[in-house]
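Just so we're aligned: the first sequence equals residues 16 to 581 in our numbering.
Built from N, CA and C at the ideal position, the CB exists for glycine as well.
First comes the structure, then the notes that go with it.
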Amino acid sequence: MISEHWLEEIKKKLLERNSKELILATGKTPSGHIHVGILREILICDSFRRILEREEKEPKVFLFLDSLDAAKRFPEYIKPEFRKKHLGKPFSFIPCPFEESECESYAHHFGNELISTFKDFGIKNEIIWAHELYKTNEMQEKIKIALKNNDKIKSILKKFILPTLDDVKKEQFNETQKNWMPVMVICEKCDKIQFRGKDDSIKPNRILKYDNKKDIVSYECQACGHKADISIYSGRLKLNWRIDWPAKWSIYKTTCEPAGKDHCVKGGSYDTGLEICKEIFGYMGPLKVAYEWLRLGDRDMSTSKGIVFTPKKYLELADPEIFRMLILRTNPLKHISLRIEEIPQYYDYYDKMENIYYNLEHAETEEEKDIINYMYPLIKVKSISKEKPRQIPFKVLSFFSQVQNILSLETLYEKALSILGYRDSESISFEEFKFLLKRTKNWIDEIKMIIENMNDDKQKRLLTQKITIFTIQDKIDRTIIDNLDEKQIKGISLVKNFFIENEYLDEEKIQNTIFTISKDQLNINPKTLFEALYLLILGKKFGPRLGSFLLLLDKDWLINRLTIEV
RNA sequence: GGGCUAUUGGCGCAGGCAGGUAGCGCAGCAGGCUCUUAACCUGACGGUCGGGGGUUCGAAUCCCUCAUAGCCCGCCA
């Protein structure tokens, strides 16, 4: 193999470590609706899982949900009074913000929303909730180790962070380091772990003193002022992020954890984490795999700021395979712009890839063929069939979903089966078909919204044309009829007669008839008659190819529509 | 102050690690299908690969440098 997929390169490094167990990890704070960006690291791990399982290596994959992280801000869809009340508490200590649901906590609501999509995406992993992890002896031992090694930890942080700061921040950093301890306490009185000052500064309930004989720490709550001593085994202590991460690594012996570029930056938490893991917890730490953000169009997403496009939402618009494909075909260090309006093009690429995999189409190069053969099994959610799975083309679905107001689902289903070349419903059930149609409808609606919000008129028009958005009018606008000329009206009536007189029709015949009527009987440019027909049915001058379109419509409905009173 | 990524025809991108006449998709253009296309088929057009310098017989590719853009970097997470 000349060229290799980036996953293979990382895999080699993984196997060089010669670990008995291969532990893959990912993590996320459930601070709100979790957006699709997190799937990038989850899918990288899931792909490794598949690769390693194929090689009989028995990997384990964990997803750490940082439910004990403090709410430092809330997304805008959370009510103000709720925000005010719970700001500064760990997410697992905050109730579910939505009254109608009965979740255990804020963290569970959003965490479970993410988890519920894994099955559809073909993701397998084990979930570790931070608030439960911190109740375990293992984690509490790590807290103890961290407290004992406070000075050492501080010098590591200093060594890594200081060189990356400018002078002002250097001073700030040195200042906070003076009384710094690696552990925070969740106040027993108000459940808060930090306080957000009016100047937007964050004041954590950092512990003030550690009694290493009794294993008791003292703290003062920055939010309510409560002062107390508390045992390190109380379950109310939490390590600071930069120590929390390596502590988890050392407990689970994590072999590899992908992380967003924010963590992977020089002097960031990954670098300090690895050093702390090695020096304080005595474990070499995971292989660092950095990845760039996944963007929505040209915007970054942010869970806490409420710019979200969730995996659940994605699944309402398109196939999970398409998403896996986007992630796998792109080097993790490059950013991906997920563009809803380009989903048809994604499907085109997927189809091409599938054709190449099944040897129905030639790849341009050997490398392309190799890469596709490698990726395809990692992309599929269901098992791979011997022959290329038949699918209703996206364009057809897009068309079908827009004529639902005049055509029954049954008619469309029959039509779909005939396009697929099936005489029965073996390959695609009616239920599945309904689901596909609904999903495409959702996508069309989404596109309509995107078009509406576009500022550039030219872009707007291009997109409208590219995607062929149309609506069949329930009633004809009277002004349309009034604006038709004599020949157009005559033409419409001739087309109507043609439909009445002919029992069996095909699209070619319809198409040709319209031309013949225009040229021979009316002596007008065919375009004029086409426009009249489109106006009558769609309310605008253009639409899908008329022959196949009219054939699809219910004949009686069509004849009725073509009967116009002048 | 530090870092990552990007800069290749109108748009979106591949190629870059292993240097050897610049590619793909979409749009645009022309023609074809007895035939409006925002259907399909065919064809042609279109780029001095962000600027500059260096290494080389030869650079989109390697090295240096500059520029522009996006994002990230104390505490907290």
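DSSP places T287 within a helical segment (H, G or I) once states are collapsed to three. With distances taken between CA atoms, A333 lies nearest to E356 out of E356, A262, M316. Here Y361 carries a helix assignment [DSSP, helix/strand/coil].
Secondary structure note for K570: its alpha helix (DSSP H) is the uninterrupted segment 570–577. Restricting attention to C60, A145, L78, V411, the CA atom closest to the CA of A305 is found in C60.
R221 is classed as buried because its beta carbon has at least 16 other beta carbons within 10 Å across all chains shown. Restricting attention to N498, I462, A85, the CA atom closest to the CA of R354 is found in I462. In the same chain as L499, and ignoring 5 residues on each side of it, the C-beta atoms closer than 6 Å to its own belong to A547, in chain order.
Proximity of the region 214–228 to the region 109–127 falls short of the contact definition, fewer than three beta-carbon pairs being nearer than 8 Å. By the beta-carbon neighbour count (other beta carbons within 10 angstroms, threshold 16), L577 is buried. In the structure shown, C292 falls within a helical segment according to DSSP collapsed to helix, strand and coil.
Rounded to whole angstroms, the separation of the alpha carbons of K72 and E91 is 45 Å.
Note: T41 is bridge-paired with L78 in the DSSP secondary-structure output. With a cut-off of 8 Å on Cβ pairs, the region 395–402 is not in contact with the region 60–70, counting fewer than three such pairs. Distance between T287 and Q155, taken at the CA atoms: about 21 Å.
Taking the Cα positions, I142 is about 6 Å away from F79.
Within its own chain, the residues whose Cβ lies closer than 7 Å to the Cβ of S442, once the five positions on either side in sequence are excluded, are R405, L435, listed in chain order.
Remark: three or more beta-carbon pairs, one from each stretch, lie closer than 8 Å, so the region 275–293 and the region 165–180 are flagged as touching.
Distances from the alpha-carbon of K100 to those of N540, L223, D206, I525 put D206 closest. Between V51 and F415 a beta carbon distance of about 27 Å is seen, past the 8 Å cut, so the two are scored as non-contacting. The Cβ atoms of Q417 and I466 lie no closer than 8 Å to each other. Exclusion of the five residues before and after S62 leaves L22, L343, L393 as the residues of its chain whose Cβ lies within less than 7 Å of its Cβ. With respect to I295, N468 sits apart: the two C-beta atoms are not nearer than 8 Å. Taking a 10 Å sphere around the C-beta of I515, we find fewer than 16 other C-beta atoms and assign the residue as exposed. Considering only I386, C292, N152, T270, the residue with the shortest C-alpha distance to A262 is C292. Ranked by how close their Cα comes to the Cα of I525, the residues F545, Y428, K184 have F545 in first place. About 24 Å separates the CB atoms of K28 and L341; that is not less than 8 Å, and the two are not in contact.
Secondary structure note for Q209: it is in no alpha helix (DSSP H), and the uninterrupted beta strand (DSSP E) holding it is 209–211. Between S82 and P45 a beta carbon distance of about 6 Å is seen, short of the 8 Å cut, so the two are scored as contacting. Proximity to M196 across K253, K184, F89 peaks at K253, based on C-alpha coordinates. By the Cβ neighbour-count rule, W572 is exposed, with fewer than 16 other Cβ atoms within 10 Å of its own. Cβ-Cβ separation between G562 and E518: approximately 17 Å, too far for a contact (criterion under 8 Å).
Ranked by Cα distance from I491, the first of E429, L550, K534 is L550.
Shown here, D226 sits in a strand according to DSSP, grouped into three states. In this structure, the CA atom of A378 is about 54 Å from the CA atom of K94. In this structure, L520 keeps its C-beta atom at 8 Å or more from the C-beta atom of L568.
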